[in-house]
Structure formats: structure tokens, C-alpha cells
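Heads up: the sequence shown runs through residues 109 to 580, numbered per my numbering.
A short worksheet on the structure shown next.
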Amino acid sequence: MFNLVWNKRLLLLGIFSSVLFIAGCDSDDDETVVYTEEFADADFTATDWTEATHSKDADPDFTEVFDDTQVKRFDFVITEERWQAMLDDMTSIYGTFGQSSSGPGLSDTDEDPVFMPADVYYEGTQWYRVGIRFKGNSSLQTSWQAGILKLSFKMDFDEFEDDYPQIDNQRFYGFKKFSLKNNYDDDSQLREKVASEVFKDAGLAVSNTAFYTVYVDHGDGPEYFGLYTLVEEIDDTVIDTQFSSDDGNLYKPEDDGAMFIEGSFNEDDFEKKTNEDEEDWSDIIALFDALHDDSRTTDPETWRSNLEDVFDVDGFLKYLAINGAIQNWDTYGVMPHNFYLYNDPDTSKLTWIPWDNNEALQDGKQGGALELDFSDLNDSYWPLISKIYADEEYQAIYDAYLLEVINDSFEISKMQAKYDTYSALIEPYATSELSGYSFLSSSTSFYQAITELNEHVEDRTDEVTDYLEEQE
Numbered sequence: 109m110f111n112l113v114w115n116k117r118l119l120l121l122g123i124f125s126s127v128l129f130i131a132g133c134d135s136d137d138d139e140t141v142v143y144t145e146e147f148a149d150a151d152f153t154a155t156d157w158t159e160a161t162h163s164k165d166a167d168p169d170f171t172e173v174f175d176d177t178q179v180k181r182f183d184f185v186i187t188e189e190r191w192q193a194m195l196d197d198m199t200s201i202y203g204t205f206g207q208s209s210s211g212p213g214l215s216d217t218d219e220d221p222v223f224m225p226a227d228v229y230y231e232g233t234q235w236y237r238v239g240i241r242f243k244g245n246s247s248l249q250t251s252w253q254a255g256i257l258k259l260s261f262k263m264d265f266d267e268f269e270d271d272y273p274q275i276d277n278q279r280f281y282g283f284k285k286f287s288l289k290n291n292y293d294d295d296s297q298l299r300e301k302v303a304s305e306v307f308k309d310a311g312l313a314v315s316n317t318a319f320y321t322v323y324v325d326h327g328d329g330p331e332y333f334g335l336y337t338l339v340e341e342i343d344d345t346v347i348d349t350q351f352s353s354d355d356g357n358l359y360k361p362e363d364d365g366a367m368f369i370e371g372s373f374n375e376d377d378f379e380k381k382t383n384e385d386e387e388d389w390s391d392i393i394a395l396f397d398a399l400h401d402d403s404r405t406t407d408p409e410t411w412r413s414n415l416e417d418v419f420d421v422d423g424f425l426k427y428l429a430i431n432g433a434i435q436n437w438d439t440y441g442v443m444p445h446n447f448y449l450y451n452d453p454d455t456s457k458l459t460w461i462p463w464d465n466n467e468a469l470q471d472g473k474q475g476g477a478l479e480l481d482f483s484d485l486n487d488s489y490w491p492l493i494s495k496i497y498a499d500e501e502y503q504a505i506y507d508a509y510l511l512e513v514i515n516d517s518f519e520i521s522k523m524q525a526k527y528d529t530y531s532a533l534i535e536p537y538a539t540s541e542l543s544g545y546s547f548l549s550s551s552t553s554f555y556q557a558i559t560e561l562n563e564h565v566e567d568r569t570d571e572v573t574d575y576l577e578e579q580e
């Protein structure tokens, strides 16, 4: 059994056939107390296992998993003790559920919540001892402290394979892991999916997404946790299927170094998601060096050539155009996160991959999304934008992509048809969310949010058109 009275952050260690928890001591404690749960459920047969549904040898089945025409359902079944351990761990990180932190702002922590094994059911089929944990940063903390249990999840289908040999290399239709986003701060519950599709329609590498309802049974039967957006993981199948190879370096930049200010590079701010054992950040360093080289003002042609040798500038300019047209404040230019960089083996260039788009398709917070001409950009803080946009040739490419975006991937009639289709699809699930498991104040909030999205695409088209006329 778990002892559920813990004082501080829990550390989860898989050791042989047990889960070991170490509780930190308060300053007046004399010793660390260790709690252990034996995996009493390790003796089972994976009777639902088939090559197509569970095996690593199966190719990812995008049609099955990311179906745009229906809302599918996941059921999580987890023991009462393990669920309580997840909640207690959250308490150790963020404080008491439903209570704000005592200090100003949000807690600054890089601790991930603990994984626990749970069985996952989908379409009558069972996946065994899948690792699940809560995920997120400010959205996770804010939801927890607001007393809303509709928290985002990370799913890893072979996280506990060392403890359960029966699930060695377990997959879900060819996928190892997913993010289940809770559509935080989005009354429409469409932004994560729709923004990703705009990037995808424009030809950028980006996660596939789909709508799922989530039910959790932690001892008292299934509880409806609400409507979620399932998001394909970049370091799982995105780089494997949208590039020729997944052998390149994949980075998830975060914090000060991810602003690309000259002299700010440090390895900790460029977490490696592939090739982790190779302590080599030379491709990122080369990008810093090329970006900040003095030739930008003395010999722009050479500067552009050297930058393009190490960075997919054209792809970044297209990303900037899409991001500007749709508005997305919670990423580079305002916040130093929510993107990946992948060193494409075909080109040996770092490629920009968008991530975490639930705050897109609105003006947003923290001063709002950037102006199309970046007139509100702090040049010294965000040099990857300021230096590239200041180059006349690059600005012309950016402007051309803006026109392309409003005429194609973010075209008014296309977007409004998409909003109509998806809002009708999810309406029964979004408006039936339960108190304590929803960010909606009422069903009216959902309908109003859809109206705002339809108006937004019209307003943004006008803004882009006005900007382009000013450039002539």
C-alpha cells in the first residue's frame, strides 16, 4: 500500500518489480522516509495484443488515430492508490488543489509530474500498464490551483516495460506516445487543432491532431474528464514520417538561450530529444554564429548564404508569415518556448517545427501577438526575427508568404467552413462537460468563441491586406 502522507516532491524510480517513492524531509525531520509499492498486477496475459494494434513493428495508422470526422474516446483505468499518488505528487509541486500559491505569479519549476501505470481502453481493446502523467506548465498549474481536474496528460505506452515484460515495445497503432491537451484557455476547444492544420496545409512539419473524450476510472467507475485534443509527439512519429530520417538532432528550446541573443547559448536551454548521449550542440552553435556574424551589414549576400547553410530560413519565414497571419503570442518573439528545431539529415539544416498552439488564433496575452511588421518587437531580445526581417530579400519572401497564407491555408471561406464543421462535431462533447472538469462557464461561452473565430479570420485578412499595401 502507499503511505499517502508525503511532505515534498516525490521521485519515481522503477526498480525491478516495484515502484520506489522517496519523500523529502522537512528541515526539522531527521530522516528520509521511503515508501514502496510492489507491482502485484505484474502477472497477466496481454490477450488483446495484435501486431496492428500493439506492436512496434506496425506502421503508424494515422487514419485510425487521427480521424477528423469523429470524436473518439479513451478510458483510463487506474488503481485508487496510483491515482492518489498522482494527485499527491501534484500537491507537492503546486500546492493544495483549488488554492492559489501564496507568492506572486506562478511557481517556477522544471519538475515533471510522475508517471503511473494505467490500463487504456479504446474501441473495446485494452492497452496494458500504459504510463500516464499530468503535463503542462503554466496551464497545468493554473488549472490545478483553480480546482479544475481537466488536466492535460502525457501517455507513454511502454514507459513501464521493464516492470511489465508483457508490454515490451507496446504501441498504440504504431505510436509510442501522445500528448492529450486539455484545450486550456480556449472556449472554442478548436485552436490547438485548427492552428496545427493551418501550418500543415501550408506545408510545414507539424503534429497531427484529433478530438478525443477522456474518461478516468480511479476506483468509482468512469468519470467524464471532458473533451481533449490528441497531439502527435514531435520526437515520436513526426520526425520519423515527415522527414526522410529520424537520425538528426532534435531540440526543444526553452528559456533565455532559446531567444538566440548573442552570447546566450547554453546547452541546458536546448534539450536534446534525440541523440541524447552525444554531447554535441555544434549545429545550434553554428546557427548562433551565422546569425550574429558582422557580415550581415557588411556583406549581406555572404551572411544569407552562411545562415542558409545551417538554418532553413525559407521554412522559418513561412512559419513567421503563418504565425503572424493567424496570431500566436505564446511562442518565439514573445515567449522563448513552444517550438522544436530538427537538424534535417537531408539538408543538414535546422528546421523550425511549431508546437503547442492552444493560444493561437487570437491577439492573446503578454502584450498580445506581434504586429505583422514586427514594429512592437524588442529587437535585442528576439534577434532571429529582427535580423532576418531587416534583410530586404528575406522581408520580400515573408511578404509573399503572407499573401499566400490568406489566399490558401488561412483563406476566409476555407477557415469558416472548417470552423463550422469542427464546431458541429465537438458541440455535444464540449457543452456537456461537467463542473470541475471544464474551463467553460456555460455553453454560451462555446458558441461565442466560435463566433469570434469566424470574425477573427476576416479581421486578420484585412490586417494582412493593409500591411501588404503599405509595403508597395
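All C-beta atoms in this analysis are idealised placements derived from N, C-alpha and C, irrespective of residue type, glycine included.
> Pro361: buried (16+ other C-beta within 10 angstroms of its C-beta) or exposed?
Replying inline: Position 253 of the sequence shown, counted from the first residue, corresponds to residue 361. Residue burial is scored here from C-beta neighbours: Pro361 has at least 16 other C-beta atoms within 10 angstroms and is therefore classed as buried.
> Do you know offhand how far Thr345's Cα is from Ala318's?
Replying inline: Indexing the sequence shown from 1 puts residue 345 at position 237. Indexing the sequence shown from 1 puts residue 318 at position 210. The alpha-carbon of Thr345 is positioned some 15 Å away from that of Ala318.
>> Starting from Pro330, trace the beta strand (DSSP E) in both directions and tell me its first and last residue.
In response: Start at 1 with the first residue of the sequence shown, and residue 330 comes out as number 222. Under the DSSP assignment, Pro330 falls in the beta strand (DSSP E) whose first and last residues are 330-340.
> What first and last residue would you give for the alpha helix (DSSP H) that runs through Ser521?
Replying inline: Position 413 of the sequence shown, counting from 1, holds the residue named residue 521. Its alpha helix (DSSP H) spans residues 520-538.
>> DSSP has Asn436 in a bridge; who is on the other side?
In response: Within the sequence shown, residue 436 is the residue found at index 328, counting from 1. Asn436 is bridged to Ala468.
> Pro408 to Asp454, Cα distance in whole Å?
Replying inline: Numbered from 1 along the sequence shown, position 300 holds the residue referred to as residue 408. Numbered from 1 along the sequence shown, position 346 holds the residue referred to as residue 454. About 26 Å.
>> Taking the beta strand (DSSP E) that Tyr229 belongs to, which residues open and close that run?
In response: Mapped onto the sequence shown, residue 229 falls at position 121. Counting along the chain, the beta strand (DSSP E) containing Tyr229 begins and ends at 224-230.
>> For a test of the three-state rule: what should DSSP assign to Lys380, helix, strand or coil?
In response: In the sequence shown, residue 380 corresponds to position 272, counting from 1. In this structure, Lys380 counts as strand in the three-state DSSP scheme.
>> Judging by CA-CA distance, which residue of Arg279, Asn414, Leu338, Glu500 is the nearest neighbour of Glu159?
In response: Numbered from its first residue, the sequence shown carries residue 159 at position 51. Selected option, being the one with the closest Cα: Arg279.
> Looking at the structure shown, is Trp235 part of a helix, part of a strand, or coil, going by DSSP?
Replying inline: On the sequence shown, position 127 is the one that residue 235 refers to. Under the three-state reduction of DSSP, Trp235 is assigned to strand.
>> For the pair the segment 317-331 and the segment 170-189, tell me if three or more CB-CB distances fall below 8 Å.
In response: Enough Cβ pairs lie closer than 8 Å, so yes.
>> On the criterion of 16 or more Cβ atoms from any shown chain inside 10 Å, does Ala525 qualify as buried, or is it exposed?
In response: Position 417 of the sequence shown holds residue 525. By the 10 Å Cβ count, Ala525 comes out exposed.
> From Trp114 to Asp196, what distance separates their C-alpha atoms?
Replying inline: Position 6 of the sequence shown, counting from 1, holds the residue named residue 114. Position 88 of the sequence shown, counting from 1, holds the residue named residue 196. With a pLDDT of only 32 at Trp114, under the threshold of 50, the placement of this residue in the model should not be trusted; the figure read from the coordinates follows. Going from the Cα of Trp114 to the Cα of Asp196 covers about 7 Å.
>> Beta-carbon within less than 6 Å of Ile531's beta-carbon, same chain only, minus the 5 sequence neighbours each way: which residues are those?
In response: Stepping through the sequence shown from its first residue, residue 531 is reached at position 423. According to the sequence displayed, residue 531 carries Ser and not Ile. Same-chain partners within the cutoff: Ile558.
> Measuring CB to CB, does Gly327 end up less than 8 Å from Ala166?
Replying inline: Here residue 327 corresponds to residue number 219 of the sequence shown, with the count starting at 1. Here residue 166 corresponds to residue number 58 of the sequence shown, with the count starting at 1. No.
>> Is the separation between the beta-carbon of Ile392 and that of Tyr359 shorter than 8 Å?
In response: Here residue 392 refers to the residue found at position 284 when the sequence shown is read from its first residue. Here residue 359 refers to the residue found at position 251 when the sequence shown is read from its first residue. When the beta-carbon positions are compared, Ile392 and Tyr359 come within less than 8 Å of each other.
> Taking DSSP as the reference, what is the three-state secondary structure of Tyr202?
Replying inline: Working through the sequence shown from its first residue, we reach residue 202 at position 94. Here DSSP, grouped into helix, strand and coil, assigns Tyr202 to helix.
> Smallest Cα separation from Ser251: which of Tyr202, Tyr502, Glu231, Pro225?
Replying inline: If you number the sequence shown from 1, residue 251 lands on position 143. Of Tyr202, Tyr502, Glu231, Pro225, the residue nearest in Cα terms is Tyr202.
>> Using CA atoms only, rank isn't needed, just tell me which of Tyr272, Asp325, Lys243 is closest to Tyr292.
In response: Translated into positions along the sequence shown, residue 292 becomes position 184. The residue from Tyr272, Asp325, Lys243 with its alpha-carbon nearest to that of Tyr292 is Lys243.
> When DSSP builds the beta bridges, which residues end up paired with Ser549?
Replying inline: For the purposes of this step, residue 549 is identified with residue 441 of the sequence shown, where counting begins at 1. The partner list for Ser549 (beta bridge, DSSP) is empty, contrary to what the question assumes.
>> Between Leu399, Asp422, Thr405, which has its C-alpha nearest Leu77's C-alpha?
In response: Residue 77 falls outside the range modelled here, since the chain spans only 109 to 580, and no answer is possible.
>> Taking the alpha-carbon of Asp355 as reference, which of Asn383, Pro330, Asp376, Phe378 has the nearest alpha-carbon?
In response: What you label residue 355 is simply residue 247 of the sequence shown in a count that begins at 1. Looking only at Asn383, Pro330, Asp376, Phe378, the smallest Cα-Cα distance to Asp355 is reached by Asn383.
> Per DSSP, Asp502 is paired with what?
Replying inline: Position 394 of the sequence shown, counted from the start, is the residue given in the question as residue 502. It should be noted that the sequence gives Tyr, not Asp, for residue 502. The bridge partners DSSP lists for Tyr502 come to none.
>> Counting beta carbon pairs with one atom in the segment 256-266 and one in the segment 479-495, are three or more of them shorter than 8 Å?
In response: No: fewer than three Cβ pairs fall under 8 Å.
> CB-CB under 6 Å to Leu449, same chain, minus the five flanking residues each way: which ones, in chain order?
Replying inline: By 1-based counting over the sequence shown, the position of residue 449 is 341. Answer for Leu449: Tyr359, Leu458, listed in chain order.
> Which class does Asp137 belong to by DSSP, given the choice of helix, strand or coil?
Replying inline: For the purposes of this step, residue 137 is taken as residue 29 along the sequence shown, with counting starting at 1. For Asp137, the predicted structure reports a pLDDT of 40, less than 50, and the residue's modelled location is therefore unreliable. A value from the coordinates is still provided. Reduced to three states, the DSSP call for Asp137 is coil.
> Can you list, in chain order, the stretches of the alpha helix (DSSP H) that have 4 or more residues and sit fully within the segment 281-316?
Replying inline: Those alpha helix (DSSP H) runs which fall completely within the segment 281-316 and span 4+ residues are 299-309.
>> Give me the DSSP bridge partner(s) of Val179.
In response: By one-based count along the sequence shown, residue 179 stands at place 71. Note: Val179 sits in no beta bridge, so no partner.
> Nearest-angstrom Cα distance between Leu548 and Tyr230?
Replying inline: Walking along the sequence shown from the start, residue 548 turns up at place 440. Walking along the sequence shown from the start, residue 230 turns up at place 122. Cα to Cα, the separation comes out at about 26 Å.
> Where Leu542 and Glu331 are concerned, what is the direct C-alpha to C-alpha distance, given to the nearest angstrom?
Replying inline: Against the sequence shown, residue 542 aligns to sequence position 434. Against the sequence shown, residue 331 aligns to sequence position 223. In a straight line, the C-alpha of Leu542 is about 10 Å away from that of Glu331.
> Would Thr405 be called buried (16 or more neighbouring beta carbons within 10 Å of its own) or exposed?
Replying inline: Locating residue 405 in the sequence shown gives position 297, counting from the first residue. Thr405 is exposed by the Cβ-count criterion.
>> Alpha carbons only, please: which of Tyr272, Leu312, Asp420 is nearest the one belonging to Phe152?
In response: On the sequence shown, residue 152 is found 44 positions in, with the first residue counted as 1. With distances taken between Cα atoms, Phe152 lies closest to Tyr272.
>> Please classify Glu340 as buried or exposed, where buried requires at least 16 other C-beta atoms within 10 Å of its C-beta.
In response: Within the sequence shown, the letter at position 232 stands for residue 340. The residue in question, Glu340, is buried, as its Cβ has 16 or more Cβ neighbours within 10 Å.
>> For Asp402 and Glu379, what's the separation of their Cα atoms in angstroms?
In response: The residue given as residue 402 occupies position 294 in the sequence shown. The residue given as residue 379 occupies position 271 in the sequence shown. Their backbone Cα atoms lie some 28 Å apart in a straight line.
> From what residue to what residue does the alpha helix (DSSP H) around Lys495 run?
Replying inline: Locating residue 495 in the sequence shown gives position 387, where the first residue counts as 1. Note, Lys495: alpha helix (DSSP H), 491-497.
> Could you give the C-beta distance for Trp437 and Phe447, rounded to a whole number, given that I count them as a contact under 8 Å?
Replying inline: Against the sequence shown, residue 437 aligns to sequence position 329. Against the sequence shown, residue 447 aligns to sequence position 339. Rounded, the Cβ-Cβ distance is 13 Å, inconsistent with contact.
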